[in-house]
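K.L.:
Supplied in structure tokens, the structure appears directly below.
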Amino acid sequence: MCGIVGYTGSKEAYPIIIKGLKRLEYRGYDSTGVALQNGRLKVYKKKGKVAELEDSLVGKNLHAHVGIGHTRWATHGEPNDRNAHPHSSASGKLAMIHNGIIENYAQLKQELIRKGYSFKSDTDTEVLLNFIEDIKTNNECSLEEAVRIALKRVVGAYVILLLDESMPDTIIAARKGSPLVIGIGKGEHFLGSDASPMLEYTKEVVYVNDYELAIIRPDELILKNLGNEKITPYVQKLDLELAAIEKGGYDHFMLKEIFEQPQTIYDCLRGRLDANAGTITMSGIQKYAEQIMNATRIIMVACGTSWHAGLVAEYIFEELCRINVEVEYASEFRYRNPVINPGDVIIAISQSGETADTLVAIETAKAKGAIILGVVNVVGSSIARVSHAGAYTHAGPEIGVASTKAFTAQLAVLTMIALKIAHDKGTISKERYMHLLNELNEVPEKVTRVLELSDHIKKLAEKYKDATDALYLGRGFNFPVALEGALKLKEISYIHAEGYPAAEMKHGPIALVDEKLPVIFVATKDSYHEKVVSNMQEIKARKGKLIAVITEGDDTTAAICNDVMAIPEADEVIAPILSAIPMQLLAYYIGVAKGYDVDKPRNLAKSVTVE
Ligand code: F6R
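Each residue of the sequence shown is one higher than the one before, counting from 441 in my numbering.
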């Protein structure tokens, strides 16, 4: 995680860097810093968010045409001024920012201590920086050469940007395992963890690959591998507008992103789903369609909310395609030496496309011969590039740290893939296939109707905001939606919440139920409905507060609840896309009612690029 920004050109570097850091704060926000190069290196850094650093620098002479900046999500060393980036080398002549983890930093640190180095921070970054400086001094070589030598010894993941006082217009950058984008302007270059810091200046970008090193000056971009061979930069055109990363009148990105869902789901279906013709076209998976269709097993690999999308997909794929599906936490999958058989297909689900656990998991599976299908939101991201085939979710930039529109877009894409396989395999009847295509087609309009619940849910949030715990329950297709509802509530409102299969609740969690506990059921009309209602009765009998997402017109279920959120009727395969949205709104409004920074909840970061 962590956000990094760099600039070299003729403009003032500081405002570009600060603005860029604000856009990258979703990646981490516990401390911030900038290093400016103006004949001498000046480093300013501070615990806290970007705005706090900015306030502390008012009135300072920040004039410089070259600089780097960092917004941190702490890994090594608590968030404080000392551990904030940039770090300065022992001589004070180098400054560096880093996103990632140097796993063998302790060993490198011992070597440096034996040579007489001491350290101002607890970070792995300062160790790497001094390791680089030590190589530079001892070998009397260029910084570029020293970086290359150092990185051959480094175990871990990194994007590093370095400034050297003796190279006033140059930034040296290198990447392995964390993202780095270079924007190409006229006589200037921009660097960022993603393209957002450079959007208003250029649409031409280069995505740096692992084990590449870049030497960047205003008029020059040299890309090399660690063997010192030059690589021709592959310049791509950005398909992203500034408006997409701004709040557009909403109080928070999270609310904006929740309200964007009719459009994002429409964008996701557009050009793929033709309900009249009865076709689903997914060009990104066409080349591997045969293998996917004939897969003996599909393994969904993901983390967090994306893992919940995988769980919903498990129900859908098994129901429609009759393929055995397993859903794996990427972090567990990777470390347990998984059995991969010929014919296994991995579906990696990720909003950011940079989640380290997911990335490493699919690299492991790929090395064992699996076919990797990426369901990814960020175009050009690492997971998208590592995958054999894939389908973008086209939800646009998701900036609120809690995932919302990416989740529903993931469900839409996974449903389309399942329908396509089922159709091609012949495991679905023509009528059901056409019915589900029509249902999917109607989702954007139904989501608009779900969003009309916003004011009602805001009132519910006021009513339940002081709860200390909450239980989220659902069955079948809606069980993962309950898990997602609980995750949203805990990350945004810091209320302890648990998601559970509704029936499983009686095997333990029911002990928690008393008259103070809100129990949120996802209880739309589906084949599990009667059973879910029985579980609701069990909660009611123990005086729990019953709140439920129900289907419009279901007065019988409404009658046993304290409060309901009624959503339009939908087939059970499609319903999770709709039932997830009241969960998002409830968490959002409770977080706001409690006065929390819902876009940047404590301890979290948007893109988790550490394992
Ligand atoms: C929760 C949330 C996280 C992410 C998880 C995976 O709201 O956003 O749980 O879903 O970190 O991230 P991606 O999807 O980027 O791989």
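C-beta atoms are modelled at their ideal positions from N, C-alpha and C, and glycine is treated no differently.
With distances taken from CA atoms, which of S843, K886, D521 is nearest K696?
P.N.:
S843
K.L.:
What residues sit near the ligand F6R, counting only those whose C-beta is closer than 5 Å to one of its heavy atoms, in chain order?
P.N.:
C743, G744, T745, S746, S790, Q791, S792, T795, A842, S843, V1048
K.L.:
For L911, does the three-state DSSP call read helix, strand or coil?
P.N.:
strand
K.L.:
With H, G and I counted as helix, E and B as strand and the rest as coil, what does DSSP make of T642?
P.N.:
coil
K.L.:
Write down the C-beta distance between I1007 and T964 rounded to the nearest angstrom, noting that I regard them as a contact closer than 8 Å.
P.N.:
7 Å
K.L.:
Helix, strand or coil for F559, going by three-state DSSP, please let me know.
P.N.:
coil
K.L.:
Give every residue of the same chain whose Cβ lies closer than 7 Å to the Cβ of L497, excluding the five residues on either side of it in the sequence, and list them in chain order.
P.N.:
Y484
K.L.:
Do the CB positions of V953 and V962 come within less than 8 Å of each other?
P.N.:
no
K.L.:
Just the C-alpha distance for I786 and I935, rounded to the nearest angstrom, thanks.
P.N.:
34 Å
K.L.:
I need the straight-line Cα distance from A796 to G468, nearest angstrom please.
P.N.:
15 Å
K.L.:
Can you give me the Cβ contacts of T736 inside the same chain, cut-off strictly under 8 Å, excluding the 5 residues immediately before and after it?
P.N.:
I763, N764, N781, G783, D784
K.L.:
Does G667 pass the burial test, meaning 16 or more other C-beta atoms within 10 Å, or should it be called exposed?
P.N.:
Label assigned to G667: exposed.
K.L.:
Please look up how many angstroms separate the CB atoms of N523 and S561, rounded, as I've assumed it's under 8 Å.
P.N.:
Here N523 really is in contact with S561; their C-beta atoms are around 5 Å apart, less than 8 Å.
K.L.:
How many angstroms separate the CA atom of L1044 from the CA atom of E931?
P.N.:
8 Å
K.L.:
What does DSSP give as the partner residue(s) for V816 in the beta ladder?
P.N.:
S790, Y832
K.L.:
Comparing C-alpha positions only, which one of L661, E838, K980 sits nearest to D1003?
P.N.:
K980
K.L.:
Taking one C-beta from the region 525-534 and one from the region 497-506 each time, how about it: are there three or more such pairs within less than 8 Å?
P.N.:
no
K.L.:
Nearest-angstrom Cα distance between A824 and G793?
P.N.:
6 Å
K.L.:
Whether or not the region 600-615 and the region 529-537 are in contact is what I'm after, with contact meaning three or more pairs of Cβ atoms, one per stretch, closer than 8 Å; do they touch?
P.N.:
yes
K.L.:
Can you tell me whether R463 is helix, strand or coil according to DSSP?
P.N.:
helix
K.L.:
Whose C-beta lies closer than 7 Å to the C-beta of Y641 among residues of the same chain, with five residues either side of it excluded?
P.N.:
G623, G625, F630
K.L.:
Kindly indicate which residue of C743, K1046, A852 has the alpha-carbon position closest to the one of Q703.
P.N.:
A852
K.L.:
Tell me where the alpha helix (DSSP H) around M607 begins and ends.
P.N.:
Careful: M607 lies outside any alpha helix (DSSP H) and carries neither H nor E.
K.L.:
With 16 as the cutoff for other CB atoms within 10 Å, does R588 come out buried or exposed?
P.N.:
buried
K.L.:
Nearest CA to the CA of R480: which residue from H834, R463, E465, G507?
P.N.:
G507
K.L.:
Is it a yes or a no for the region 652-664 touching the region 455-467, going by three-plus beta-carbon pairs under 8 Å?
P.N.:
no
K.L.:
Quick check on the DSSP output: the alpha helix (DSSP H) that includes I1017 runs from which residue to which?
P.N.:
Taken as a continuous stretch (DSSP letters only), the alpha helix (DSSP H) holding I1017 covers 1015-1033.
K.L.:
Reducing DSSP to helix, strand and coil, say where V972 ends up.
P.N.:
helix
K.L.:
So the candidates are I839, E700, Y545; which of them puts its Cα closest to the Cα of T411?
P.N.:
Given that the chain is displayed from residue 441 to residue 1051, the structure contains no residue 411 and the question cannot be resolved.
K.L.:
K886 and A1010 look like a contact to me (Cβ under 8 Å); what is the Cβ gap, rounded to whole Å?
P.N.:
6 Å
K.L.:
Could you tell me which of G724, E955, P455 sits nearest to R982, measuring between CA atoms?
P.N.:
E955
K.L.:
Helix, strand or coil, according to DSSP, for L1044 in the structure here?
P.N.:
In this structure, L1044 counts as coil in the three-state DSSP scheme.
K.L.:
Count the other CB atoms, across all protein chains shown, that sit within 10 Å of the CB of Q547; report buried if there are 16 or more and exposed otherwise.
P.N.:
exposed
K.L.:
For the structure I just gave you, are there three or more beta carbon pairs, one from the region 758-778 and one from the region 724-741, closer than 8 Å?
P.N.:
yes
K.L.:
For T964, which three-state DSSP category applies?
P.N.:
The answer is coil: DSSP assigns T964 none of H, G, I, E or B.
K.L.:
Could you have a look at K670 and say whether DSSP puts it in helix, strand or coil?
P.N.:
strand
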